[in-house]
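Numbering (mature numbering (1 follows the signal peptide of the UniProt record, and there is no 0)), first residue to last: -21 to -1, 1 to 510. Every residue, glycine too, gets a C-beta built ideally from N, C-alpha and C.
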């Protein structure tokens, strides 16, 4: 009940903010007609990757799923985009985009990476379709990735209502600001799941998707306060659809999820029960999320941030607390005592970021520590007539006993240090290594307007899962070195807008299957249509 009340309040505020914002006295005049076919950006991109075995982790990960593990792969990509920022001087705006890639040795020969239309009224936006969304409170180029709303998998087509930028609440003298979103969509990887599993292992069709997030910021730039504190909650649910899983006798069991109005509501406010559950009930669907926070100092030339991402899979992981006061015998289902079991606050992504605004050979530094070994402990026991103790451990991060876990097209939708199912060679869509500790370093520099570089390094020690642990610890080191040069010329103007990027990546260790090394080359041409 406590979780439902908190989520009801949070999500109710988010749902109202976009409409409430239109009652704020307008600060911008709408004096010209919208030009829906003006100021359209275009991009043409070619990429090729060449590796000895598999594409190394950081040549593959955090690219919104537009990547491949095959030793040789590539694509030609074309995109057009009219950003909402074009209409920033109006109280309403229109945006849209289409982004298509034709690929070699990908999970599909043609990829509609983005296809969306969106509108804005004052501060609120409505987006319909598949669009790449950035991570919040982290560096999108240098971080290992968010544990809930990451940038590692293909976008899910959805209807998304959002306050994308912080909106100052009309009280607290400009010190409180809010942003967030609510979205419903549908997964698109049914055919990939059929091919990967050969329909011999667990898979799911027509699965629905729901996400929501809210972020509250304490700070005031108007009084030149350099400090700010941001706290937020990110949550995701996959539900509905039809799941297929193998039984002990080798047959395929069919489980059809709910898709009515109640199912959408239970995804919004976790509740109900999973398919077939009677005595012991979990919240309907695959529910997961993160508490996130960032403390930031924003100076004139430099900024410093400390941030945290606490992942959870259920209400006990969310609140570090679970009820444990059931009776025994005929009263085994009754709550008899005011007794609760507390869980340790152990599984975190903790990070530090430094950024220098002026051009420099070293502009940004990111350090991260990721720990996921605890998962509410090694013991899971539902209370029974004879043993009343209720212990909710073995959370099995990113996996689910009905659905195929927190993945889309084989790639984790969260942090890629949780080894994605696409690496599996047994035809099972599952996360085989979700208990690990990792250290991550990201460096970047931009010495001038035409050249920039970045470097990533990750070390990881994995234990597998509670259900299928490794016989002994496995390790991995992943490295990336990347440089980008922007061509420019006064006489040969067609060169302007062309970026040439070269990258080298390598993996060492057994978590990702041995030594992987390879190169990746990308040429991008961007510009503006003036129709």
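Per the DSSP calculation, residue i is bridged to which residue(s)?
i, result
"residue 218", "187"
"residue 158", "194"
"residue 457", "437, 486"
"residue 463", "431, 480"
"residue 390", "387"
"residue 446", "Beta-bridge pairing links residue 446 to no other residue."
"residue 179", "None; residue 179 has no bridge partner."
"residue 79", "57, 91"
"residue 499", "28, 482"
"residue 212", "193, 270"
"residue 505", "22"
"residue 417", "349, 439"
"residue 423", "343, 433"
"residue 473", "Answer is none; residue 473 lacks a bridge partner."
"residue 515", "In the structure as shown, the chain starts at -21 and stops at 510, and residue 515 therefore has no counterpart that could be examined."
"residue 225", "231"
"residue 244", "Its beta-bridge partners do not exist; DSSP assigns none."
"residue 207", "275"
"residue 265", "217"
Thinking just about the alpha-carbon of each residue, which of the options is nearest to the one in residue i?
i, options, result
"residue 482", "173, 492, 464, 490", "464"
"residue 151", "162, 196, 331, 110", "196"
"residue 211", "181, 185, 156", "156"
"residue 511", "228, 375, 382, 427", "It is not possible to answer for residue 511, since the shown part of the chain is limited to -21 through 510."
"residue 191", "301, 213, 355", "213"
"residue 154", "228, 110, 208", "208"
"residue 164", "148, 140, 124, 173", "140"
"residue 438", "123, 56, 21, 57", "123"
"residue 521", "280, 100, 18, 433", "For the chain, the structure presents residues -21 to 510; residue 521 sits outside this window and is missing."
"residue 126", "330, 429, 202, 45", "330"
"residue 250", "239, 238, 235, 266", "266"
"residue 175", "387, 246, 242, 478", "387"
"residue 346", "480, 397, 286", "286"
"residue 177", "36, 15, 90, 231", "231"
"residue 443", "466, 502, 351, 503", "351"
"residue 161", "501, 449, 107", "107"
"residue 320", "328, 301, 314", "301"
"residue 353", "342, 338, 295, 323", "323"
"residue 419", "292, 436, 294", "436"
"residue 200", "450, 263, 173, 147", "147"
"residue 505", "496, 466, 491, 142", "466"
"residue 342", "328, 298, 316, 283", "283"
"residue 41", "248, 128, 101, 138", "128"
"residue 276", "198, 453, 269", "198"
"residue 461", "499, 238, 448, 172", "499"
Does the distance from the CB of residue i to the CB of residue j come in under 8 Å?
i, j, result
"residue 344", "residue 333", "yes"
"residue 170", "residue 406", "no"
"residue 408", "residue 222", "no"
"residue 93", "residue 74", "no"
"residue 217", "residue 188", "yes"
"residue 20", "residue 55", "no"
"residue 32", "residue 493", "yes"
"residue 43", "residue 136", "no"
"residue 185", "residue 390", "no"
"residue 289", "residue 228", "no"
"residue 219", "residue 242", "yes"
"residue 280", "residue 224", "no"
"residue 72", "residue 98", "yes"
"residue 158", "residue 194", "yes"
"residue 519", "residue 36", "The structure shown does not extend to residue 519, since the chain is modelled only from -21 to 510, so the question has no answer here."
"residue 18", "residue 61", "yes"
"residue 46", "residue 57", "no"
"residue 393", "residue 385", "yes"
"residue 453", "residue 490", "yes"
Report whether the distance from the Cβ of residue i to the nearest heavy atom of the ligand PLP is below 7 Å.
i, result
"residue 169", "Looking for the ligand PLP in the displayed structure turns up nothing, as the structure carries no ligands at all."
**Item:** Contained beta strand (DSSP E) runs [length at least 3] in the segment 279 to 363, N- to C-terminal order
**Value:** The segment 279 to 363 contains these whole beta strand (DSSP E) runs: 281 to 291, 300 to 302, 319 to 321, 327 to 335, 339 to 350.
**Message:** Would you call the segment 23 to 36 in contact with the segment 483 to 498, where contact means no fewer than 3 C-beta pairs closer than 8 Å?
**Reply:** Contact between the segment 23 to 36 and the segment 483 to 498 is present, because at least three Cβ pairs lie under 8 Å.
**Prompt:** Does the segment 376 to 386 touch the segment 399 to 418, meaning 3 or more C-beta pairs lie closer than 8 Å?
**Reply:** Enough Cβ pairs lie closer than 8 Å, so yes.
**Prompt:** Taking only runs of the beta strand (DSSP E) that begin and end inside the segment 13 to 70, which ones reach a length of at least 3 residues, in chain order?
**Reply:** Qualifying beta strand (DSSP E) stretches, in chain order: 19 to 30, 51 to 61.
**alpha helix (DSSP H) runs wholly inside the segment 85 to 170, at least 4 long, in chain order** = Fully enclosed alpha helix (DSSP H) runs of 4 or longer: not present.
**the segment 118 to 127 touching the segment 77 to 85, judged by at least three CB pairs closer than 8 Å** = Contact between the segment 118 to 127 and the segment 77 to 85 is absent: fewer than three C-beta pairs spanning the two stretches fall below 8 Å.
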